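This report concerns only the one structure given below.
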Amino acid sequence: MSDQHDRVFPRRPPEFARNGRVTWIERLADLARLNRWFLRRPPIRIEPSEGDIISPAQARIQTLAPIDPSGWIEEKSVFGQPRRIQIREILRDDSLAESFVGGETIKLYLAPWDLHFLLFPVPGIVSRYEYRSGWAVPLLFMRSGDVLNQRLCVRIETDWGFPVGVVLIGSWMVNGIHHAFQEGARYDRGADLGHFKIGSSVVMAFPRGKVRWLKDPGEKVRLGETIAKLV
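By this note's numbering, the letter at position 190 of the sequence shown is numbered 1634, and the numbering carries on one by one without gaps.
Right under this line is the structure:
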């Protein structure tokens, strides 16, 4: 994988300039060459065992939460106020969201100093992906239930016979989300998925009864580290 880690991903959706918003902080980071540091790519050795689900990012686990029968997910509270979000609102894909009702989600937060390139957490085919234009506002300015920020929703049909949803969500003043895959192609765990600029979050959704978590909320995980096992 050493050759892959010398690349800077070139792809951004053709409609991004029309519908997306590149924030001023991202432009400054480009001008100051800070994104070269954010996208630094040290050698990474990934050797997952059969049935391992790996972390797509160097990040902190913010939440591990079930998806209730109505599709609601409990979020981390803000200023002591509980928050929740609809899986349909995250994915904007009703048929895919239906696959995950009663299942599990994990939310990973990437700090500005973390590595910002992302890897495939599971083996499978990218059956669909979609960019959703949005803002770049802090969570505390959103009502419970809202997902207002720019995001990339990816549907992976795994080699294990079930779908996984991976959603890259922009954060405060950050909308720089890029992908490094082709729709319809198959990828192994550890293949390049894309990258963020500066810092953002990744949400993954799994159907009911498919995964057993090996980590807890608040834990820091390495890029490519095993975070769950198939049940």
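Note that CB positions come from ideal geometry on N, CA and C, so glycine has one too.
Being a predicted model, the structure only gives us computed values, none of them experimental.
Handout entry: Counterpart residues of D1636 in DSSP-defined beta bridges
Key = In the sequence shown, residue 1636 corresponds to position 192, counting from 1. Paired residues: L1563.
Practice task
May I ask you to list the residues that DSSP assigns as paired with I1621?
Solution key: The residue labelled residue 1621 in the question sits at position 177 within the sequence shown. Note: I1621 sits in a beta bridge opposite F1640.
Handout entry: Counterpart residues of E1548 in DSSP-defined beta bridges
Key = Taking the first residue of the sequence shown as position 1, residue 1548 is located at position 104. P1510 and F1650, per the DSSP bridge assignment.
Problem - Terminal residues of the beta strand (DSSP E) in which L1658 lies - result: One-based indexing of the sequence shown puts residue 1658 at position 214. Looking at the DSSP string, L1658 is not in any beta strand (DSSP E), and its letter there is neither H nor E.
Exercise for the section: Using the Cα positions of L1612 and E1494, report the straight-line distance between them to the nearest angstrom. Expected result: Counted from its first residue, the sequence shown places residue 1612 at position 168. Counted from its first residue, the sequence shown places residue 1494 at position 50. Their Cα atoms are separated by approximately 25 angstroms.
Practice task
Answer yes if the stretch 1596–1611 comes into contact with the stretch 1552–1559, meaning at least three C-beta pairs across the two stretches below 8 angstroms, and no otherwise.
Solution key: no
Handout entry: Distance, A1509 Cα to P1526 Cα
Key = Stepping through the sequence shown from its first residue, residue 1526 is reached at position 82. Stepping through the sequence shown from its first residue, residue 1509 is reached at position 65. Approximately 13 angstroms between the Cα atoms of the pair.
Practice task
Given a cut-off of 7 angstroms, decide if P1565 and P1492 are closer than it, judged by their beta-carbon atoms.
Solution key: As a working note, residue 1492 is residue 48 in the sequence shown. As a working note, residue 1565 is residue 121 in the sequence shown. Cβ atoms of P1492 and P1565: not closer than 7 angstroms.
Handout entry: Three-state secondary structure assigned by DSSP to I1517
Key = Along the sequence shown, one-based indexing puts residue 1517 at 73. Of the three classes helix, strand and coil, the one that applies to I1517 here is strand, per DSSP.
Handout entry: Test item: CB-CB of S1571 and R1532 under 7 angstroms
Key = As a first step, residue 1571 is located in the sequence shown; it is residue number 127 there, counting from the start. As a first step, residue 1532 is located in the sequence shown; it is residue number 88 there, counting from the start. Cβ atoms of S1571 and R1532: not closer than 7 angstroms.
Practice task
Quick one: residues in its chain with C-beta nearer than 6 angstroms to the C-beta of Y1553, no 5 flanking neighbours on either side, listed in chain order?
Solution key: Looking up residue 1553 in the sequence shown gives position 109. Here the set comprises A1503, R1504, Q1506 and S1645.
Handout entry: Per-residue burial, R1576 [other beta carbons within 10 Å of its own, 16 or more giving buried]
Key = Locating residue 1576 in the sequence shown gives position 132, where the first residue counts as 1. Counting Cβ neighbours within 10 Å, R1576 comes out buried, since at least 16 surround it.
Problem - Assigned exposure category for R1462 - 16 Cβ within 10 Å defines buried - result: To locate residue 1462, count along the sequence shown from 1; it is residue 18. Low confidence applies here, because R1462 scores a pLDDT of 40, under 50, leaving its location unreliable and the question unanswered by this model.
Handout entry: Per DSSP, the bridge partner or partners of S1645
Key = Here residue 1645 is taken as the residue at index 201 of the sequence shown, counted from 1. BP columns for S1645 point to Y1553 and I1613.
Exercise for the section: Return yes when at least one heavy atom of the ligand GTP lies under 6 angstroms from the C-beta of I1550, else no. Expected result: Absence of the ligand GTP from the depicted structure is noted, as is the absence of any ligand whatsoever, leaving it without description.
Exercise for the section: Would you identify the three-state DSSP class for E1669, choosing helix, strand or coil? Expected result: Residue numbering aside, residue 1669 sits at position 225 when the sequence shown is read from its first letter. Residue state, collapsed to three classes: coil.
Problem - Cα-Cα separation between E1601 and S1514, rounded to whole angstroms - result: Residue numbering aside, residue 1601 sits at position 157 when the sequence shown is read from its first letter. Residue numbering aside, residue 1514 sits at position 70 when the sequence shown is read from its first letter. Going by the C-alpha atoms only, they are around 23 angstroms apart.
Practice task
State buried or exposed for S1588, treating a residue as buried only when at least 16 other CB atoms are found within 10 Å of its CB.
Solution key: The residue you call residue 1588 lines up with position 144 of the sequence shown. Bear in mind that a pLDDT of 36 at S1588, under 50, signals an unreliable position, so the number given afterwards is only what the model happens to contain. With fewer than 16 Cβ atoms within 10 Å of its Cβ, S1588 is classed as exposed.
Problem - Close-in-space but distant-in-sequence residues of the same chain around A1672 (CB under 7 angstroms, 5 per side omitted) - result: The residue you call residue 1672 lines up with position 228 of the sequence shown. Here the set comprises I1497, V1655, R1656, W1657 and L1658.
Exercise for the section: Using the Cα positions of D1636 and W1516, report the straight-line distance between them to the nearest angstrom. Expected result: Taking the sequence shown and counting its residues from 1, the one referred to as residue 1636 is at position 192. Taking the sequence shown and counting its residues from 1, the one referred to as residue 1516 is at position 72. So the two alpha carbons sit approximately 30 angstroms from each other.
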